[in-house]
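S.K.: Using my numbering, you'd call the opening residue of the sequence shown number 950 and step up by one each time. Where is the CB? At the ideal position from N, CA and C, for every residue including glycine. These figures come from a predicted structure and were not determined experimentally. Here's a structure for you.
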Amino acid sequence: MRLLITAPTGVLVDAAARKVVAPSLEGSTCLLPRHADVTTLLVPGLLSYLDEDGREVFAALDHGVLVKAGDVVRVACQRGVVAGDLGEAEATVRERFHVQSEREKRARATLL
950 MRLLITAPTG
960 VLVDAAARKV
970 VAPSLEGSTC
980 LLPRHADVTT
990 LLVPGLLSYL
1000 DEDGREVFAA
1010 LDHGVLVKAG
1020 DVVRVACQRG
1030 VVAGDLGEAE
1040 ATVRERFHVQ
1050 SEREKRARAT
1060 LL
């Protein structure tokens, strides 16, 4: 399967994946290559996928939409960070979202 994760800032992931697990409104959604086509709303959380080498990679996502059509899984999210392995995920997410939140606060303060 091909996994494509995009945010308004650009493409976060464009990679081959053996398995994709994403946080959805219905709970955790697991997709394998021969899974039926599906569309679901995503909630904030960690999306994981197995790359071609069998390594598990994590991406922290804000609200979004997942669409699997054929052999392509497309994810569009508001904000996202590719965090690597689980050990790096928490630190990466805290750092990136903190920096982004600070920028947003300054932008709002400027508009007032």
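CB Ala956 to CB Gly1029, shorter than 8 Å?
M.R.: Here residue 956 refers to the residue found at position 7 of the sequence shown. Here residue 1029 refers to the residue found at position 80 of the sequence shown. In this structure, Gly1029 lies closer than 8 Å to Ala956 by Cβ.
S.K.: When you compare only the Cα positions, how much space is there between Ala1008 and Ser997?
M.R.: Along the sequence shown, one-based indexing puts residue 1008 at 59. Along the sequence shown, one-based indexing puts residue 997 at 48. Their backbone Cα atoms lie some 6 Å apart in a straight line.
S.K.: With three or more beta-carbon pairs closer than 8 Å as the criterion, would you say the stretch 984-992 touches the stretch 1008-1017?
M.R.: The stretch 984-992 vs the stretch 1008-1017: in contact.
S.K.: Could you give the distance in angstroms between the alpha-carbon of Gly1033 and the alpha-carbon of Leu999?
M.R.: As a position in the sequence shown, residue 1033 is number 84, starting the count at 1. As a position in the sequence shown, residue 999 is number 50, starting the count at 1. For Gly1033 and Leu999, the distance between alpha carbons rounds to 11 Å.
S.K.: Using alpha carbons as the reference points, say which of Thr958, Ala1025, Gly1019 and Arg1055 lies closest to Arg983.
M.R.: Along the sequence shown, read from residue 1 onward, the residue named residue 983 stands at position 34. Checking every option, the nearest Cα to that of Arg983 belongs to Gly1019.
S.K.: To which residues of the same chain is Asp986 closer than 6 Å at the C-beta, ignoring the five residues directly before and after it?
M.R.: Position 37 of the sequence shown, counted from the start, is the residue given in the question as residue 986. Counting only Cβ-Cβ distances below 6 Å, and skipping sequence neighbours, we find Lys1017 and Ala1018.
S.K.: Measure the alpha-carbon distance for Leu961 versus Val1022 and round it to whole angstroms.
M.R.: Here residue 961 is taken as the residue at index 12 of the sequence shown, counted from 1. Here residue 1022 is taken as the residue at index 73 of the sequence shown, counted from 1. If I take the Cα positions, the gap works out to 13 Å.
S.K.: For a quick check, are the C-beta atoms of Leu952 and Pro972 less than 8 Å apart?
M.R.: Translated into the one-based positions of the sequence shown, residue 952 becomes position 3. Translated into the one-based positions of the sequence shown, residue 972 becomes position 23. Not closer than 8 Å, so no.
S.K.: For Val1006 and Val1031, what's the separation of their Cα atoms in angstroms?
M.R.: Here residue 1006 refers to the residue found at position 57 of the sequence shown. Here residue 1031 refers to the residue found at position 82 of the sequence shown. If you take the alpha carbons of Val1006 and Val1031, they lie about 8 Å apart.
S.K.: What do you get for Ala966, buried or exposed, if any count of 16 or more other CB atoms within 10 angstroms of its CB means buried?
M.R.: Taking the first residue of the sequence shown as position 1, residue 966 is located at position 17. Label assigned to Ala966: buried.
S.K.: What three-state label does DSSP hand Glu1001 in the structure shown?
M.R.: Translated into the one-based positions of the sequence shown, residue 1001 becomes position 52. Of the three classes helix, strand and coil, the one that applies to Glu1001 here is coil, per DSSP.
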